[in-house]
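Visitor:
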Amino acid sequence: MERIKVLIADDHRVVREGLMAILKTKENIEVVGEAQDGQEAIEKVRTLEPDVILMDVSMPRMGGVEATRQIKREFPHIGIIALTM
């Protein structure tokens, strides 16, 4: 079975760590990386090639909405799930 590669993008370390802890319990999911803001998420997408991104909507430097727009233009096949608190 092929594993789903996930990138987590959130400016709160505790949220990233919590999501990673949950996802690491799933055999078919591999957390390939994390990002602290939208700009870093875009950079990591280019090198890590995730299948799915868990993207916080509100982050410093570049928010999740703008990052999602840019990622979907360049990588339309990547699924993005928006998160907010």
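Quick note on numbering: the sequence shown equals residues 13 to 97 in our numbering.
Where is the CB? At the ideal position from N, CA and C, for every residue including glycine.
From a predicted model like this one, the values you see are computed outputs, not experimental measurements.
As an exercise, report each continuous alpha helix (DSSP H) stretch of at least 4 residues that is fully enclosed by the stretch 50-94, in chain order.
Guide: 50-60 and 76-86
Visitor: Taking the continuous beta strand (DSSP E) assigned at E42, which residues delimit it?
Guide: Indexing the sequence shown from 1 puts residue 42 at position 30. E42 -> beta strand (DSSP E) spans I41 to A47.
Visitor: State the Cα-Cα distance for the pair M74 and K17, rounded to the nearest angstrom.
Guide: Taking the first residue of the sequence shown as 1, we reach residue 74 at position 62. Taking the first residue of the sequence shown as 1, we reach residue 17 at position 5. Taking the Cα positions, M74 is about 23 Å away from K17.
Visitor: Quick one: residues in its chain with C-beta nearer than 7 Å to the C-beta of P72, no 5 flanking neighbours on either side, listed in chain order?
Guide: Numbered from 1 along the sequence shown, position 60 holds the residue referred to as residue 72. Only D23 and D49 meet the Cβ criterion.
Visitor: Using alpha carbons as the reference points, say which of R81, R85, F87 and M13 lies closest to A94.
Guide: Residue mapping note: residue 94 aligns to position 82 of the sequence shown, counting from 1. Cα-wise, what sits closest to A94 is R81.
Visitor: Under the assumption that I20 contacts E52 (Cβ atoms under 8 Å), give the Cβ distance between them as a whole number of angstroms.
Guide: On the sequence shown, residue 20 is found 8 positions in, with the first residue counted as 1. On the sequence shown, residue 52 is found 40 positions in, with the first residue counted as 1. Contact flag wrong, Cβ pair sits at about 11 Å.
Visitor: Let me check one thing: in DSSP terms, what residues is V18 bridge-paired to?
Guide: For the purposes of this step, residue 18 is taken as the residue at position 6 of the sequence shown. Answer is V43 and V64.
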